[in-house]
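Colleague: Take this structure first; my questions come after.
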Amino acid sequence: LLCSRSRLCSAQDLLAIPTPQSFQVGINIIEAQKLVGVNINPFVVVKVGEEKRHTATQKSTNCPFYNEYFLFEFHEPRDVLFHRLIEISVFHSKKIPLLGTCIGTFKMDVVTVYSQPDHRFFQKWAVISDPTDTRAGVKGFVKCNIAVTARGDVVSSLPTSSSSRDEDIERNLLLPKRVPAERPWARVCIKLYRAEGLPTMSAGIMGSFCKIIGEKKVFIDPYVQVSFCGQQGETSVETNTTEPEWNEQISFIEMFPPLARKIKVQVLDDANVGDVAIATHYIDLQQISDPSRNGFNPTFGPAWVNLYGSPQNSALRDIHKDLNEGVGEGVFYRGRILMATTVEIFSSPSTAERKLGDKMKEELHPLPENMLGRKEEFLLFAAFFEATMMDSSLNSKPVSFEVSIGNYGKAEETVSKIGTKVEKGEVKEEKQPLLDPGSDGELDVEVLPLASAALNKSVTKSQRPEPMEYDRSYCCLPLVHEKPCVYVWSYWEDHTWRLCISNCIVKLAERLEQGLADVEKLMRRLKAQAEERLREVLEEFVAGCRQYSLSAERKTMAHPNNLDRCRTKFLMHNIILCAKQGLRLRRWLTQANVKEKVKETRRILAKLRFMAKEPQCTLPDVLVWMLCNNRRVAYARVPAQNILYSVVEEEKGKDCAKIQTVFVKVPGLHTGEIFAKLEIYMWLGVTKYAKNCLAELPEEFKYLSESGKEVAQLSVYSPPSQLSRD
Numbered sequence: 191l192l193c194s195r196s197r198l199c200s201a202q203d204l205l206a207i208p209t210p211q212s213f214q215v216g217i218n219i220i221e222a223q224k225l226v227g228v229n230i231n232p233f234v235v236v237k238v239g240e241e242k243r244h245t246a247t248q249k250s251t252n253c254p255f256y257n258e259y260f261l262f263e264f265h266e267p268r269d270v271l272f273h274r275l276i277e278i279s280v281f282h283s284k285k286i287p288l289l290g291t292c293i294g295t296f297k298m299d300v301v302t303v304y305s306q307p308d309h310r311f312f313q314k315w316a317v318i319s320d321p322t323d324t325r326a327g328v329k330g331f332v333k334c335n336i337a338v339t340a341r342g343d344v345v346s347s348l349p350t351s352s353s354s355r356d357e358d359i360e361r362n363l364l365l366p367k368r369v370p371a372e373r374p375w376a377r378v379c380i381k382l383y384r385a386e387g388l389p390t391m392s393a394g395i396m397g398s399f400c401k402i403i404g405e406k407k408v409f410i411d412p413y414v415q416v417s418f419c420g421q422q423g424e425t426s427v428e429t430n431t432t433e434p435e436w437n438e439q440i441s442f443i444e445m446f447p448p449l450a451r452k453i454k455v456q457v458l459d460d461a462n463v464g465d466v467a468i469a470t471h472y473i474d475l476q477q478i479s480d481p482s483r484n485g486f487n488p489t490f491g492p493a494w495v496n497l498y499g500s501p502q503n504s505a506l507r508d509i510h511k512d513l514n515e516g517v518g519e520g521v522f523y524r525g526r527i528l529m530a531t532t533v534e535i536f537s538s539p540s541t542a543e544r545k546l547g548d549k550m551k552e553e554l555h556p557l558p559e560n561m562l563g564r565k566e567e568f569l570l571f572a573a574f575f576e577a578t579m580m581d582s583s584l585n586s587k588p589v590s591f592e593v594s595i596g597n598y599g600k601a602e603e604t605v606s607k608i609g610t611k612v613e614k615g616e617v618k619e620e621k622q623p624l625l626d627p628g629s630d631g632e633l634d635v636e637v638l639p640l641a642s643a644a645l646n647k648s649v650t651k652s653q654r655p656e657p658m659e660y661d662r663s664y665c666c667l668p669l670v671h672e673k674p675c676v677y678v679w680s681y682w683e684d685h686t687w688r689l690c691i692s693n694c695i696v697k698l699a700e701r702l703e704q705g706l707a708d709v710e711k712l713m714r715r716l717k718a719q720a721e722e723r724l725r726e727v728l729e730e731f732v733a734g735c736r737q738y739s740l741s742a743e744r745k746t747m748a749h750p751n752n753l754d755r756c757r758t759k760f761l762m763h764n765i766i767l768c769a770k771q772g773l774r775l776r777r778w779l780t781q782a783n784v785k786e787k788v789k790e791t792r793r794i795l796a797k798l799r800f801m802a803k804e805p806q807c808t809l810p811d812v813l814v815w816m817l818c819n820n821r822r823v824a825y826a827r828v829p830a831q832n833i834l835y836s837v838v839e840e841e842k843g844k845d846c847a848k849i850q851t852v853f854v855k856v857p858g859l860h861t862g863e864i865f866a867k868l869e870i871y872m873w874l875g876v877t878k879y880a881k882n883c884l885a886e887l888p889e890e891f892k893y894l895s896e897s898g899k900e901v902a903q904l905s906v907y908s909p910p911s912q913l914s915r916d
């Protein structure tokens, strides 16, 4: 029996492929200098991703001249190309053509080149080194031009070339700004402890076969593959489980700072007919480090990383499997992984050489139980006020909505093969019936939910859409008098203080952005008071920075890790710097330089937006799915941070307890494709604050229970099932 985890793709599925773009990567290899070796015959191999080209071989020289140009063309999504690596390697050719000894290599990812002015490096020297021979130092230099252009990019003309044998190579290296010319060797360690909530395999031939023989689910054989800067390592395989424990460390030797921004962490299923990606996560080194003088080296965790991907379960021919490869926005929660990252910089090449002898994969001690804190109970509440602009294909078909966070509320059975102890007051993840895409609209009830899950109401009642009054090419749900509600309890470690700090910076940035928008409107009018308004905006911004620094000093962090402590200092230092910049801009502001000062303030805003991104967001995003005939047709992904409740107003999510507009879209399609427009009131918080979940609802609404009776006395565990007004 061939155990295939695949299904046939329908015509509708084929429309959901991520939109590719056209890119060109142009690399001009000009010459090489100071190559190490005696009587060598050097040639250069240029590799972009998996594509390779090579120069001609120059005989008996350490300073070969090539001037050869290579063009690599790609037609793929931007994210895929930007993660690719550019490698320039110099080889000494032996008697057999194109087979030789590698002298050294230079590596840089595509996004680093694209981030440069005009998306290129012009006549720069790439430093050639060998990570397997750290004592040898620099193995030579290759002079080259590298450019990355997307279709439609406007690029200025090339400067005049200036080539001289007396050129100062060390002052013209192929490195981004603020990267030192001399880079030490370092060991990058990725520690992988365990995972939980990974999807079971219920699709394809094998899944169907197991249903025939009475097996409810087929468990996976998960392992983790880590890729960084052209190097790759893997954990061992844990068999027949959705809650694997690896407790292993994968290490890479690389120059620091590296010229690749992201570490790729991919969870795979060791399947019989080829390994299948379950989910992919990228760790951005820029978000977990600070390269400034008093900054910190990359550090992360131990912390849970939430994984997202496709709705299908481990299907080889799943049309959305690119989402599991990290291409595009994941549309389904696919578990979480507990991991950490550290970087050890070597004081000398000899130390690095000793470490090269260490194993790439090492065993780790398991983390102590409750090291990250005990799980707390969270309530997610949502009320649907409007569902309009719905695609006409839904006309007269029953439509409902599902709201989930993690595996909680998801209309899919989430079973754990491993029996885990449940402490008092803690409840395992619920089990709910599966909305099977192949069940022709019928709910496939597998298991009765636990007592706590029985309290959840994550799916609204089905209603048939009606044509819209003014444009009958769209339809809407009749929600004039009654607004359906859903509520889901879930259990997570309470690290919401991270998101609260981030929300303070988000609000600071949003007020500044709104103020700048006002100033720019006034600049377009004659005799408008743009200068005065900008002065007010800067005053308000400085006051906000002062308020942040005061509240951050008093903020309590529960179970912080090294990154939390480093980020707290980093944020405090940079918010104070931003405030000083704001004061300086205000001091030198005149009517004549308003435009220039707005531009400088926008740079501060970009810095704030970067600082607001929390790299250790342990609460999963909330997923809102539109179901038609019990099949998933469109979704929206709402960051938990945006709807998180806090008793402090500044720390509250920007959309918490507000009626917000949410656009649902078909999985995989590019951003412009809208399937429906929803108006939703959402609230997420620890259960002890649950009484506040209805506080901001419009007063004219009555609270009704599931049976339609008015609820006179609301309790924490019985939110309303619908809102009604006469």
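According to my numbering, the residues represented by the sequence shown are 191 to 916, in order.
Glycine is no exception: its CB is placed at the ideal position from the N, C-alpha and C atoms.
(1) Roughly how many whole angstroms lie between the Cα atoms of S283 and S479?
(2) At the level of alpha carbons, what is the spacing between L706 and E729?
(3) Where Q771 and D465 are concerned, what is the direct C-alpha to C-alpha distance, given to the nearest angstrom?
(4) Just tell me which of H749, L570, E519, Q653 has its CA closest to the CA of V589.
(5) Going straight from the alpha carbon of L669 to that of E863, what length do you get?
(6) Tell me which same chain residues have a C-beta within less than 8 Å of the C-beta of A748, skipping the five on either side of it?
(7) Does DSSP classify N229 as helix, strand or coil?
(8) Near C666, what residues of its chain come up, given a Cβ to Cβ distance below 7 Å and the 5 sequence neighbours on each side ignored?
(9) For L921 versus A699, is the C-beta distance shorter than 8 Å?
(10) Taking three-plus beta-carbon pairs below 8 Å as touching, is the segment 521-539 in contact with the segment 882-894?
(11) When DSSP labels each residue in this structure, what does Q771 get in the three-state scheme?
(12) Below 8 Å, can you find three or more Cβ-Cβ pairs linking the segment 240-258 to the segment 420-430?
(13) Would you mind stating whether T339 and F213 have Cβ atoms separated by less than 8 Å?
(14) Tell me which same chain residues have a C-beta within less than 7 Å of the C-beta of E922, skipping the five on either side of it?
(15) Taking K159 as the reference, which of T808, F574, P829 has the closest Cα?
(16) Helix, strand or coil for P623? Go by DSSP, reduced to three states.
(17) Three-state secondary structure (DSSP) at V466?
(18) Quick one: give me the first and last residue of the alpha helix (DSSP H) that Q737 is part of.
(19) Would you report the Cα separation of Q415 and K329, rounded to the nearest angstrom?
(20) With a threshold of 7 Å on Cβ separation, who are the neighbours of V301 within its own chain once the five nearest residues in sequence on each side are excluded?
(21) Applying the 10 Å Cβ sphere with the 16-neighbour rule, what's the burial state of Y907?
(22) For M445 versus S319, is the C-beta distance shorter than 8 Å?
(23) Can you find a heavy atom of the ligand ATP that lies under 7 Å from the Cβ of K314?
(24) Which residue from I293, K867, N514 puts its Cα closest to that of Y664?
(25) Give me whichever residues DSSP pairs with F760 in a beta bridge.
(26) Using the C-alpha atoms, what's the distance from A326 back to M550?
(27) Considering Cα atoms alone, identify which of F800, E786, R701, K673 is closest to E890.
(28) Go through its chain and collect everything with a Cβ distance to L712's Cβ below 6 Å, but skip five positions before and after it.
(29) Just to confirm my understanding: we take E360, look at its own chain, exclude 5 residues before and 5 after, and list those with CB closer than 7 Å. What are they?
(30) Going by beta carbon distance, what residues of the same chain come within less than 6 Å of L475, once the five residues before and after it are set aside?
(31) When you compare the CB positions of I443 and W494, do they come within less than 8 Å of one another, or not?
(32) Determine the burial state of Y660: buried for a count of at least 16 other Cβ atoms within 10 Å of its Cβ, exposed for fewer.
(33) Quick one: give me the first and last residue of the beta strand (DSSP E) that V837 is part of.
(34) Give me whichever residues DSSP pairs with E567 in a beta bridge.
(35) May I ask which residues mark the beginning and end of the beta strand (DSSP E) holding F409?
(36) Would the segment 819-836 and the segment 780-796 be scored as touching if the rule is three or more Cβ pairs under 8 Å?
Modeller: Based on what the coordinates show:
(1) 41 Å
(2) 13 Å
(3) 52 Å
(4) Q653
(5) 24 Å
(6) G563, D684, H685, W687
(7) coil
(8) A577, T578, M580, P655, E656, M658
(9) Limits of the chain in this structure are 191 at one end and 916 at the other, which puts residue 921 out of reach.
(10) no
(11) helix
(12) no
(13) yes
(14) This structure cannot settle anything about residue 922, because the visible part of the chain is limited to 191 through 916.
(15) Because the chain in this structure spans residues 191 to 916, residue 159 falls outside the shown range and cannot be described.
(16) Residue confidence for P623 is low, a pLDDT of 37 falling below 50, so the modelled location carries little weight; the figure read from the coordinates is stated next. It is coil, neither helix nor strand.
(17) strand
(18) 720-744
(19) 30 Å
(20) F272, R451
(21) exposed
(22) yes
(23) Among the components of this structure there are no ligands whatsoever, and the ligand ATP is therefore not found.
(24) K867
(25) Partner(s): none; F760 has no beta bridge.
(26) 21 Å
(27) K673
(28) A718, A720, R723
(29) A371
(30) R451, P488
(31) no
(32) exposed
(33) Per DSSP, V837 belongs to no beta strand (DSSP E) and is neither H nor E.
(34) Y681
(35) Where F409 is concerned, there is no enclosing beta strand (DSSP E), given that its DSSP letter is neither H nor E.
(36) no
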